[in-house]
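Following: one structure in structure tokens, then a few remarks.
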Amino acid sequence: MDLSRADLSYAVLIEAKLQESNLSRAKLTEADLSRADLTKADATEADLAGANLCAARLSQARLSIANLRGANLSRADLTNTTLAEATLVRANLSEARLLKADLSDETNLTEANLTKADLSSAIVCGAILKKATLSRANLSNADFCAADLSEANLSEAILHKTNLSEASLRGAKLANADLSEADLERADLTGADLTGANLCGANLKYADLTGADCSGADFSVADLWGADCSGANMTDVNLTGAELAYSGLEEDEEEEEEEEDLW
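Residue numbers (numbering that gives the first Met the number 0): 0 to 262.
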């Protein structure tokens, strides 16, 4: 079905069958597409601002450069969907399935709600997620290389083996998050909340942890070579087997060992 450039603003398309449709550059502002089937649809550069796509099926759809500002995509299936360069500012993606989705090339997710969303193995390299909510989201094996997650809420999120190299996590909330075996090389974690986080086996080479709260975090077997930990709160941190060379933490470990020997 060819609906390219069509004006469907405010249209009621609940449970509509639009799989493989051409919706490129179509205007769907505030349209109701809840539970609609848009599998493999082409919505490149479409305007879906404020649209209701709750529980819609969008797997393998193309939404590159689409405007989804303020759209409701909660519980939507976006598996293998292309959203590169799309605008999703303040969009609701809570509990959405974004497995292997492409959100790269500065896709804008500023202040988006991704609570409990599944982004496992998604490509989010270079995306903007400032102040986004990703609490309890599954981001395992996803690629967030050079992404902007400053002030984002990632508390209790699963980031197992996630690539966060060179990502900005300044002021991010990562309390009780699972960052085991994650790649955080050269990541900016300035002022981040890492209380109780699991960073077992994580790569933190040259990471900036200045002023971060790491109290109760598990850094066992982690690589902190050359990391900047100045001013970080390392109370009750587990550093068993961690590489601490040139991090400033090796001196603290030596002092603790000397104190134990004295006792």
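Idealized CB from N, CA, C, for every residue including glycine.
Asked, Found
"Rounded straight-line distance, which links the Cα of ALA5 to that of ASP227", "54 Å"
"Cβ shell of ALA171 (< 8 Å), same chain only, five flanking positions each side left out", "LEU148, SER149, GLU150, ALA151, ASN152, LEU153, LEU188, ALA191, ASP192"
"7 Å CB neighbourhood of VAL123 in its chain, flanking five on each side removed", "LEU102, SER103, ALA141, ASP142, PHE143, ALA146"
"Sheet register partners of THR81 (DSSP bridge)", "ARG61, ASP101"
"Cβ-based neighbour list, THR209, same chain, cut-off 6 Å, excluding 5 preceding and 5 following", "THR189, ASP227, SER229, GLY230"
"C-beta atoms of SER33 and ASN71 nearer than 9 Å", "yes"
"Nearest-angstrom beta carbon gap, ASP182 and SER164 [assumed within contact, 8 Å]", "5 Å"
"Backbone secondary structure at GLU150 - three-state DSSP", "coil"
"Beta-carbon spacing of ALA156, SER134 below 9 Å", "yes"
"Chain-order list of residues whose beta-carbon lies under 7 Å from that of GLU14 (same chain, five-residue window excluded)", "ARG34, ALA35"
"Cut-off 7 Å between Cβ atoms - residues of its own chain near ASP212, not counting five sequence neighbours on either side", "ASP192, LEU193, THR194, ASN232"
"Through-space distance from GLU105 to ASN66, alpha-carbon basis", "13 Å"
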